[in-house]
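Asker: Residue numbers (the working numbering), protein chains in the order written: chain F, 1 to 232; chain H, 233 to 639; chain Z, 640 to 903. C-beta atoms are modelled at their ideal positions from N, C-alpha and C, and glycine is treated no differently. Computed from a predicted model, the values in this text were never measured in an experiment. Structure in structure tokens, see below.
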């Protein structure tokens, strides 16, 4: 489903070129549960940005469902991102002045869904994540776990086939962490593809495939135990 | 959820943050609206006076200071009444009518009124013979007065005294009263009242003029002279020229003929006001420039700060599928909302100030000028748009990867 | 000192007046009190009334100057002094309406009662010569001061019948009572002053009609064939037709009322 072909992305800092990410070829199949592990500054965020259509590579192509992501206009790329990709952020990135319901409605609005339908779908999604009684609460009135559930509901608003998660359990207590990972398992069962950047070995162990990033280069470690041994 | 809700919810969250830029626009628009309204109505007032009094000249005592044409005769200083005859005998070209006046403050119904002695035009009929002594009246060559269409070129009825500045017939025991006098004294035409111990019959009530004439009681000049023991004197002689051009030529002639008097035209009386109006007109341009600079800078600063503090939100919205165009519209519409609120409130405030100050300081009645308000509001919105454009564009060009950054 | 011709002119004028002027209409009773030939004026002479309040330096200076001037015209002019506060002179003061005029004031009155000169405060440099008028001027001024219209027929070198308009006006009852018609010749040396004031060449060929309206407005000059309607139209245009707003001879009167600018 996702294929990276001769990708290279670098930055220049004080006349010094830093390769943020590069790979000759990388394929992530439909329905895969992939964990990206690696030390800080290894290029995980750059990798997610490339996959999410938010950072164009210096060279190479990113293919999603056979279509090059960066050979189309910004508006078309934005549309594809909106329709196919959902994001889960470490800091949840909820809009602080909107309620839980309104936060979930935002991607629906961006997709052009009518107002009444927005409300219905957002309510249903929040019910599914167990927040039916928190619709009118703002993020500051929710616990971190509840905030992350609102964020997950928002991620699912447009029924994305690909979920890109950046440290989804980084700020959560154990209970909430488990809740999130359980939801991820559910997403996989639903046929979605998950690419998760994480420092959490336990979270990485829940994935089916692990990719290790070192200095911007992929090292494919299929075994779930690798992350555990790396973390150790 | 839609863009309007997104903007409104964000504004509601932190209203005080927008207060400064809204206030700057509000004050700029208020000042512009107030000054322009007062200027426009003051210019109209002056224009009206020049139009209706442009051919008139005032002959006043030498030491008189004059700020208002309509109260020119309220000075305590006097001129000999014989100056009227002197002017007539000189047969100056362009002199149509003369109206000498003598004023004194008295009371009617326990309220102060200005008893104004005025010489009716009937008193000049005999005097007109004097002009025939040189056989031919000294007609003003090149007179721009429209051709006469009747016996008189003015309305000599008592009710037209305030506008025509003269009255044809007024007996010694008759008075004509201003609108305010009639109102507080409940006097009507045909009724009688007492002044200085003598009975007077009200010949007519003048229509309201909005000038000091509303508080005047007009009586025969010689009656007022007798009642007040003033002697054969007047406070002012109004000379009605046939046209503005004649008035211009009459001034030096009259000044030479009456060296002990001051000769002024309405143009001279309003010259100060004309100067002030011009200054106010220039000031309104200056205020507009301030509006542009200060208001614009404030809006630009506010929106820029807003963009900076919402960078991750913008990145997240882009990650969720917001286009750069939508992001730009979001910030522009927010700026427009601020500009619109500032412009509308500023227009209201400016209008209130213009109505109050116009009446008290400039003596004019101000009414809303929709075109002027529309220009002020439009200018404010334009300034807001221009000021917010660059920050909004910056927001639209933000890197969506900001959503991953720990800001 | 006058020239012999000037003295002859004045004397002739007085004689002509004494026998009446052929073409003048009988004066009607004036609509308002006007100076007339009466006992105040000396018969056949110009009377110079000096109105004064106080016998001060200015009055004495005027009296002295006038005395000198009148002495040059003894046969046709005389002087009378009038103290304005004298009860016996009240009627005379009121008649000339000089009670509030700048005093001392010299008023020149022709033998027929027409005021021909007014000199406030002091005599002009040219003296009192301007007060002596031609015979036709005298009659014309009298009529104007009585509030009448005057049609002056000025004959040119080519003899002509009475102008059409003059005849028509005389026959029109609307005008006949308030109109005086006089005639003179442009080349008449006695009328040179009048001719010059009307700006007519003394060598003009055709007869002209000059219309004058009170108090001294030259309404227009017309040739002999001008119709009455043309002359009446000029009179109406000058606003001198009559006081009747419904008069058929003038356009509808427009209101001249103008409201002043509203303040406050």
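Could you name the residues that DSSP lists as bridge partners for residue 451 (chain H)?
Answerer: DSSP output for residue 451 (chain H) lists H:349 and H:407 as bridge partner(s).
Asker: Three Cβ pairs or more, each shorter than 8 Å: is that satisfied between the stretch 766 to 777 of chain Z and the stretch 814 to 834 of chain Z?
Answerer: These segments touch.
Asker: In three-state DSSP terms, what is residue 248 (chain H)?
Answerer: Residue state, collapsed to three classes: helix.
Asker: Which chain Z residues sit within Cβ distance under 8 Å of residue 364 (chain H)?
Answerer: Simply 754, 780, 783, 784, 853, 854 and 855.
Asker: Once DSSP output is grouped into helix, strand and coil, what is the label at residue 354 (chain H)?
Answerer: The answer is helix: DSSP assigns residue 354 (chain H) an H, G or I state.
Asker: Residues of the stretch 315 to 349 of chain H with a CB closer than 8 Å to any CB of chain Z: list them in chain order, please.
Answerer: The residues in question are 315, 316, 317, 318 and 321.
Asker: Apart from the five residues on each side of it in sequence, which residues of its chain come closer than 7 Å, Cβ to Cβ, to residue 463 (chain H)?
Answerer: Within the same chain, residue 463 (chain H) has close Cβ partners 457.
Asker: Within the same chain, show all residues whose beta-carbon is closer than 7 Å to that of residue 275 (chain H), passing over the 5 residues directly before and after it, in chain order.
Answerer: Contacts found: 509.
Asker: Quick check on DSSP: helix, strand or coil for residue 199 (chain F)?
Answerer: Three-state DSSP puts residue 199 (chain F) in coil, outside helix and strand.
Asker: Since residue 22 (chain F) contacts residue 8 (chain F) with CB under 8 Å, what's their CB separation in whole angstroms?
Answerer: About 4 Å; that satisfies the 8 Å criterion.
Asker: Tell me, which residues are paired with residue 493 (chain H) by DSSP?
Answerer: Looking at the DSSP assignment, residue 493 (chain H) forms a beta bridge with H:293.
Asker: Between the Cα of residue 614 (chain H) and those of H:507, H:520, H:627 and H:551, spot the shortest distance and give me the residue it belongs to.
Answerer: For the residues H:507, H:520, H:627 and H:551, the minimum Cα distance to residue 614 (chain H) belongs to H:520.
Asker: Among H:627, H:444 and H:580, which residue has its Cα nearest to the Cα of residue 259 (chain H)?
Answerer: With distances taken between Cα atoms, residue 259 (chain H) lies closest to H:580.
Asker: Leaving out five residues on either side along the sequence, give the residues of the same chain with a beta carbon under 6 Å from the beta carbon of residue 305 (chain H).
Answerer: 333, 335, 467 and 468, listed in sequence order.
Asker: Exposed or buried, what is residue 41 (chain F) when buried is set at 16 or more other beta-carbons lying within 10 Å of its beta-carbon?
Answerer: Classification of residue 41 (chain F): exposed, given that the 10 Å Cβ count is below 16.
Asker: I need the straight-line Cα distance from residue 246 (chain F) to residue 252 (chain H), nearest angstrom please.
Answerer: What is shown of chain F runs 1 to 232, which leaves residue 246 (chain F) out entirely.
Asker: Nearest-angstrom Cα distance between residue 309 (chain H) and residue 301 (chain H)?
Answerer: Each residue's Cα considered, the two are about 16 Å apart.
Asker: Could you give the distance in angstroms between the alpha-carbon of residue 449 (chain H) and the alpha-carbon of residue 338 (chain H)?
Answerer: Cα to Cα, residue 449 (chain H) sits roughly 9 Å from residue 338 (chain H).
Asker: So is residue 670 (chain Z) buried or exposed if we call it buried at 16+ other beta carbons inside 10 Å?
Answerer: At residue 670 (chain Z) the pLDDT is 31, less than 50, meaning the model places this residue with poor confidence and gives no usable figure here.
Asker: My parser needs the beta strand (DSSP E) runs of 3 or more residues fully inside the stretch 316 to 351 of chain H; what are they?
Answerer: Runs of the beta strand (DSSP E) inside the stretch 316 to 351 of chain H: 327 to 340 and 343 to 350.
Asker: Beta-carbon separation of residue 864 (chain Z) and residue 803 (chain Z) under 8 Å?
Answerer: Yes, the Cβ-Cβ distance between residue 864 (chain Z) and residue 803 (chain Z) is below 8 Å.
Asker: At 7 Å on the CB atoms, spell out the chain Z contacts of residue 358 (chain H), in chain order.
Answerer: Neighbours of residue 358 (chain H) on chain Z, chain order: 736.
Asker: State yes or no: is the beta carbon of residue 543 (chain H) nearer than 8 Å to at least one beta carbon in chain F?
Answerer: Chain F contact via Cβ: absent.
Asker: Report yes or no: is there a C-beta of chain H within less than 8 Å of the C-beta of residue 741 (chain Z)?
Answerer: True, the Cβ-Cβ gap to chain H drops below 8 Å.
Asker: Are the beta-carbon atoms belonging to residue 560 (chain H) and residue 619 (chain H) less than 8 Å from one another?
Answerer: No, they are not a contact pair.
Asker: Taking its Cβ as the centre, do 16 or more other Cβ atoms sit within 10 Å of residue 816 (chain Z), making it buried, or is it exposed?
Answerer: Result: exposed.
Asker: From what residue to what residue does the beta strand (DSSP E) around residue 792 (chain Z) run?
Answerer: Element bounds for residue 792 (chain Z): 788 to 794.
Asker: Would you mind sorting residue 549 (chain H) into buried or exposed? The rule is 16 or more other CB atoms within 10 Å of its CB.
Answerer: Classification of residue 549 (chain H): buried, given that the 10 Å Cβ count is 16 or more.
Asker: Tell me, please, whether the CB atom of residue 110 (chain F) is closer than 8 Å to any CB atom in chain H?
Answerer: Chain H, which has a Cβ nearer than 8 Å to the Cβ of residue 110 (chain F), makes this yes.
Asker: Expressed to the nearest angstrom, what Euclidean distance is found between the alpha-carbon atoms of residue 103 (chain F) and residue 268 (chain H)?
Answerer: Using only the alpha carbons, I get a separation of about 47 Å.
Asker: Within its chain, find whatever has a CB closer than 8 Å to the CB of residue 738 (chain Z); leave out the 5 residues flanking it on each side and keep chain order.
Answerer: For residue 738 (chain Z), where only same-chain residues beyond five positions count, the Cβ hits under 8 Å are 723 and 732.
Asker: Using a Cβ-Cβ cut-off of 7 Å (strictly less than) and excluding sequence neighbours within five positions of residue 698 (chain Z), which residues of its own chain qualify?
Answerer: Excluding positions up to five away in sequence, the list reads 691 and 743.
Asker: Thinking C-alpha only, which one of H:617, H:505, H:388 and H:593 is nearest residue 279 (chain H)?
Answerer: Ranking the options by Cα distance to residue 279 (chain H), first place goes to H:505.
Asker: Closer than 8 Å, CB to CB, is residue 819 (chain Z) near chain H or not?
Answerer: Closer than 8 Å: no.
Asker: Is it the case that the Cβ atoms of residue 202 (chain F) and residue 19 (chain F) are separated by a distance below 8 Å?
Answerer: Taking 8 Å as the Cβ cut-off, residue 202 (chain F) and residue 19 (chain F) do not qualify as a contacting pair.
Asker: Output, in chain order, the set of chain H residues within a Cβ distance shorter than 8 Å of residue 757 (chain Z).
Answerer: The contacting residues are 321, 362 and 365.
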